[in-house]
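> The structure that follows is given in the form of structure tokens.
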Amino acid sequence: MNGIFIVFAILILATVFGLWYRSHNGRMRTADVHTAGIDEHGGEILDAQSIGVDLGSRATLVQFSSAFCQPCRATRQILEQVSGLVDGVVHVDIDAEANLGLVRALDIRRTPTVLILDSAGHIRKRASGLPRKADVLAALGELD
Amino acid sequence: MATSSGKYQTQQNLIDLCTRARIDPRGPRFGGAVSTLVLAISLITMGTALGTTLIAWQTLVFALGAFVGLRAQPYGWVFRTFIQPRLPAPVELEDSAPPRFAQLVGFGFLAVALISVLLGSTLIATIAVAFALGAAFLNAAFNFCLGCEVFLLFKRLAR
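Just so you know, the sequences run in chain order A and B. Residue numbers in the first sequence follow the working numbering, run continuously in steps of one, and reach 1542 at the last position. Residue numbers in the second sequence follow the working numbering, run continuously in steps of one, and reach 579 at the last position.
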């Protein structure tokens, strides 16, 4: 009797969490530059040295991936399509496990996490989870 | 020195090739659904011989999936043998490392549950099985990726 109650409680809690997860996952948010806390990597700006590639003349899509991340591959495909589609947009995929200093500094907690940098390297947008292509394109449009 | 590191590199690549097998993503979701059912029944029958047997069985299932491979996992075998042939071909294959990581986390919870229930503490066993049930259900119903959520947090805490 007790067990049945526990099973239902867990399934209900997990369903509520799952619905919340589904609606928030991959959502593109405007990054709060001041709470990004990236002091050890040049103030609030990411540069070519910290991410390993030259910044795009319009924007840079910085993806953090890990070995046990199922949607990282799909995220990579979407961001590669976008960088191929829009001039001046560069995509870089960073192995989170091998760059824990940067991960801590940027407070990356999940993979995939995508940051959109403007031409100067300011973090302008942030999404964790598989982003939708339309959202990435819309976020790029909002940079100008 | 150079040769030995070269040999190591080759071995590492071979290991990567073997562990990075591509699989039908519907397999792990089917497995998650069966695990959900088994874990739910084991919670309802907690403290009885059936409950302990189911916990021991599910511990073995997760151990096989995590340490031997998804091909050795019984629910994966059922999927490939009886269900996959009746389904259309998968749209896309998927890396096997993320579901294997989830099997490892499941094994952790179930090992705690099995030891507790054998030592007579159904309370700890209930809590551990409850976590595993929640994760298995989220995986089956919402395609929840456990590795995405916890792997980096573990890594950040570890060093």
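From the three backbone atoms N, C-alpha and C, an ideal C-beta is built for every residue, glycine too. It should be emphasised that the depicted structure is a prediction, and the values quoted were computed from it without experimental measurement.
Taking C-beta pairs closer than 8 Å, name the residues in chain B that I1535/A reaches, listed in chain order.
Before going further, note that residue 1535/A is Leu rather than Ile in the sequence given. Those do not exist, as L1535/A stays about 22 Å from chain B at its closest Cβ, beyond 8 Å.
> With 8 Å set as the bound, which would you pick, yes or no: does the beta-carbon of G1416/A sit closer than that to a beta-carbon of chain B?
yes
> Whole-angstrom Cβ separation of A453/B and A545/B, contact assumed at under 8 Å?
22 Å between Cβ atoms; not a contact.
> Over the uninterrupted beta strand (DSSP E) stretch that includes F1462/A, give me the two end residues.
That run of the beta strand (DSSP E) goes A1457 to S1463.
> Skipping 5 residues on each side, what residues in its chain have a beta carbon closer than 8 Å to that of R520/B?
Excluding sequence neighbours, R520/B sits near T439, G485, A486, G489 and L490.
> So, does the stretch 443-452 of chain B touch the stretch 510-525 of chain B, judging by three or more C-beta pairs under 8 Å?
yes
> Does any CB atom of chain B fall closer than 8 Å to the CB of L1411/A?
yes
> Mind checking if D515/B is an interface residue toward chain A, Cβ cutoff 8 Å exclusive?
Closer than 8 Å to the CB of D515/B there is at least one CB belonging to chain A.
> Determine, for G1424/A, whether the minimum Cβ-Cβ distance to residues of chain B falls below 8 Å.
no
> Per the contact definition of three or more C-beta pairs closer than 8 Å, is the stretch 1502-1521 of chain A in contact with the stretch 1411-1421 of chain A?
no
> Going by DSSP, what residues sit across from R1427/A in a beta bridge?
R1524/A
> Less than 6 Å between C-beta atoms, sequence neighbours within five positions excluded: which residues of the same chain meet that for Q478/B?
V458 and L530
> Does V489/B come within less than 8 Å of chain A when only Cβ atoms are used?
One point to set straight first is that residue 489/B is Gly, not Val, in the sequence displayed. No, G489/B lies away from the interface with chain A (no Cβ there is under 8 Å from its Cβ).
> Give me the chain A residues within the contact set of T546/B, using Cβ-Cβ distance strictly less than 7 Å, ordered along the chain.
The contacting residues are I1404.
> What's the C-alpha gap between L534/B and A492/B?
21 Å
> Rounded to a whole number of angstroms, what is the C-alpha to C-alpha distance between P1469/A and A1536/A?
21 Å
> Under a three-way DSSP split, which group does I443/B fall into?
strand
> My guess is that R1508/A and L572/B are in contact by the Cβ rule of under 8 Å, so how many angstroms apart are they, rounded?
6 Å
> Counting C-beta neighbours from all protein chains within 10 Å, is the total for E1540/A 16 or more, i.e. buried, or is it exposed?
exposed
> Are L566/B and A517/B close, meaning C-beta to C-beta below 8 Å?
no
> Measuring CB to CB, does S1481/A end up less than 8 Å from L1459/A?
Closer than 8 Å, so yes.
> So which residues of chain A does F562/B contact, with C-beta pairs closer than 7 Å?
G1416, Y1419 and R1420
> Note down, in chain order, every chain B residue with its Cβ under 9 Å from the Cβ of V1484/A.
Under the 9 Å cutoff, chain B gives no residues; its nearest Cβ is about 25 Å from V1484/A.
> Give the secondary structure of A1446/A by DSSP, where H, G and I count as helix, E and B as strand, and everything else as coil.
helix
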